[in-house]
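Protein chains in written order, with the numbering used here: chain A, 720 to 882; chain B, 608 to 1027.
Here's the structure we're looking at; comments come further down.
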């Protein structure tokens, strides 16, 4: 499995309140949530984003509220993968559980710039910055989490275990 | 090598003699919690499970607290969805308007979580129950659904940071100031993926409400959970509020910690976190002149009876500064009633504050006190992120109920000692 797209770059401590502000949490429809994704720190994001694009941020991405609406909004906006130096733990769980690919890689998070074209190979964990001609090795998931990702989320994983 | 308090609770719930940091386990759950924002998403996920029934109708709690009383039609539809699901599945602990309170004040008050429990909640501040000596942590809606369906959750066993608390806090210094100080010390990701284990003889000088406030904000340092040892105060609280059997776990003497911080509570001052991160802390005497437009006293962090008592003590016989809006939100119906019986609500109203029904409301910019562009609030809540309480150009300063009440009188961020 691979992802390839143009990078939208953010800094440290991007919290779930700015990913999807609480004023939109009276909806749980992914398409509707996607319309307001990143609105409070990057109002142009939803106009700029194209299907398959990649989000890159520094440390503690997705901190704060446990709202699963945050990874849902990012995924529904068309983002194919989020790369960060570190993820806040609830966001990390939620992304895996809903099938939004994420990768931790400090070197990639530091070097990749907004607008770069980046390709990610999920099987090898390799990240290629095609614009800069750089490559990075991302942190691989433990086998248990890879099984959840392969099943496309926690619910399918649990269903398959019980059958 | 010994285990931390958190590791012992997780081992017992995974049916294992021993666990170590980094190990992946599946643990049995004693309580699965959701609110009106996160539960509708979990209910939608439940429909995809092969099994449609919940694992135990007594071990699930659903609390309609965020956008209630329903702030708009969409919120009303969400609450209706949860209400109907709770009815169909005979969920014992479903709390609607009239019975509900802010979830993390309500569950301990109703005795639904006790020492030794493992609890997950689709709300990041679920870590509050660590004050009771339970392992409790925030998750998302899919984890909530999986917990509802199977009674289990997977966890990576966390390592821990130990906070050795000594001494007695000075007057006007509360649990809120202690936890803000700690977040300022280690940063908003200082305890990422880890447990924050509070120990030391200073804990005897912290009330249960102080401990709830501190465990509540463990998430603001990125922690998986925050946890306190069980002492006489904890057991007295549980006996008063719960009929559930509890189990006391203590950390092994040779438990491993990534780091240990020693904090002398007597040296701490009232502490304020500046926009836009809880780690931007300043002791009150270094705050300077910051004029404010609104004060919020409430939330799962600081809407308990002691919080209201200290705010009332400061506001009694004084007036809210002209031009300032002061919103007081008792966290549960029981706290509301107690505050009424103690005359606290009268003090608030006479001072020029308003008293709201229990709701998360303004804390997350939901309703009941949204900020306009350029406005500043002092809030006893837990997050001061960009746009958290309203407009992206508004500002939130996090503080204790004592500082919030004193600021309500002066119109700028103030120490209660200035009024003495």
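Heads up, the beta-carbon is just placed ideally off N, CA and C, and yes, glycines get one too.
From the options, residue whose alpha carbon lies closest to that of residue i
| i | options | result |
| --- | --- | --- |
| residue 705/B | 688/B, 695/B, 657/B, 670/B | 670/B |
| residue 678/B | 798/A, 866/A, 810/A, 742/A | 742/A |
| residue 656/B | 734/B, 637/B, 647/B, 753/B | 753/B |
| residue 766/B | 736/B, 813/B, 773/B, 833/B | 833/B |
| residue 874/A | 978/B, 872/B, 759/B | 759/B |
| residue 768/B | 1020/B, 944/B, 793/B | 793/B |
| residue 843/B | 661/B, 831/B, 865/B, 814/B | 814/B |
| residue 789/B | 641/B, 821/B, 646/B | 821/B |
| residue 834/A | 821/A, 720/A, 728/A, 805/A | 728/A |
| residue 795/B | 753/A, 780/A, 838/A | 780/A |
| residue 708/B | 747/B, 800/B, 942/B | 942/B |
| residue 726/B | 743/B, 738/B, 711/B | 743/B |
| residue 672/B | 644/B, 770/B, 614/B, 610/B | 644/B |
| residue 761/B | 773/A, 800/A, 864/A, 869/A | 864/A |
| residue 851/B | 680/B, 637/B, 614/B, 816/B | 637/B |
Residue i at chain A interface by Cβ criterion, 8 Å
| i | result |
| --- | --- |
| residue 990/B | yes |
| residue 655/B | yes |
| residue 800/B | yes |
| residue 965/B | no |
| residue 866/B | no |
| residue 696/B | no |
| residue 674/B | yes |
| residue 753/B | yes |
| residue 910/B | no |
| residue 1015/B | no |
| residue 711/B | no |
| residue 796/B | yes |
| residue 849/B | no |
| residue 731/B | yes |
Whole-angstrom C-beta distance between residue j and residue i, which should lie under 8 Å
| i | j | result |
| --- | --- | --- |
| residue 667/B | residue 697/B | At roughly 10 Å, the Cβ-Cβ gap does not stay under 8 Å, so residue 667/B and residue 697/B are not in contact. |
| residue 967/B | residue 1007/B | Contact doesn't hold; Cβ gap of about 19 Å is too wide. |
| residue 988/B | residue 874/B | Rounded, the Cβ-Cβ distance is 26 Å, inconsistent with contact. |
| residue 938/B | residue 712/B | 4 Å |
| residue 821/A | residue 811/A | 7 Å |
| residue 903/B | residue 969/B | 5 Å |
| residue 857/A | residue 827/A | 7 Å |
is_contact[residue i, chain B] using C-beta, thresh 8 Å
| i | result |
| --- | --- |
| residue 777/A | no |
| residue 872/A | yes |
| residue 765/A | no |
| residue 803/A | no |
| residue 825/A | no |
| residue 770/A | no |
| residue 787/A | yes |
| residue 741/A | yes |
| residue 861/A | yes |
| residue 761/A | no |
| residue 755/A | no |
Other residues of its chain near residue i: CB distance less than 7 Å, five sequence neighbours each side excluded
| i | result |
| --- | --- |
| residue 731/B | 745, 826 |
| residue 759/A | 737, 740 |
| residue 1003/B | 882, 984, 986, 991, 995, 996 |
| residue 847/A | 837, 838, 854 |
| residue 795/A | 749, 750, 752, 753 |
| residue 958/B | 922, 925, 926, 927 |
Helix, strand or coil at residue i [DSSP, three-state]
| i | result |
| --- | --- |
| residue 628/B | coil |
| residue 1022/B | coil |
| residue 961/B | strand |
| residue 740/A | coil |
| residue 736/B | helix |
| residue 810/A | helix |
| residue 749/A | helix |
| residue 800/A | strand |
| residue 969/B | helix |
| residue 906/B | helix |
| residue 845/B | helix |
| residue 925/B | coil |
| residue 795/B | coil |
| residue 1010/B | helix |
Own chain partners of residue i with C-beta closer than 6 Å, once the 5 adjacent residues on each side are dropped
| i | result |
| --- | --- |
| residue 1023/B | 779, 921, 1009, 1013 |
| residue 888/B | 787, 791, 878, 880 |
| residue 605/B | Nothing in the structure corresponds to residue 605/B, since chain B is present only between 608 and 1027. |
| residue 630/B | 764 |
| residue 792/A | 739, 752, 753, 756 |
| residue 900/B | 982, 983 |
Spatial neighbours of residue i in its chain, beta-carbon cut-off 8 Å, leaving aside the 5 residues before and after
| i | result |
| --- | --- |
| residue 787/A | 813, 816, 817 |
| residue 723/B | 616, 619, 740, 741, 853, 854, 855, 856 |
Contact set between residue i and chain C, taken where Cβ atoms lie within less than 8 Å
| i | result |
| --- | --- |
| residue 737/A | Absent from the structure is chain C; the protein chains it does hold are A and B. |
Check: residue i C-beta below 7 Å from any heavy atom of the ligand GDP
| i | result |
| --- | --- |
| residue 814/A | Among the ligands in the structure shown, none appear at all, so the ligand GDP cannot be discussed. |
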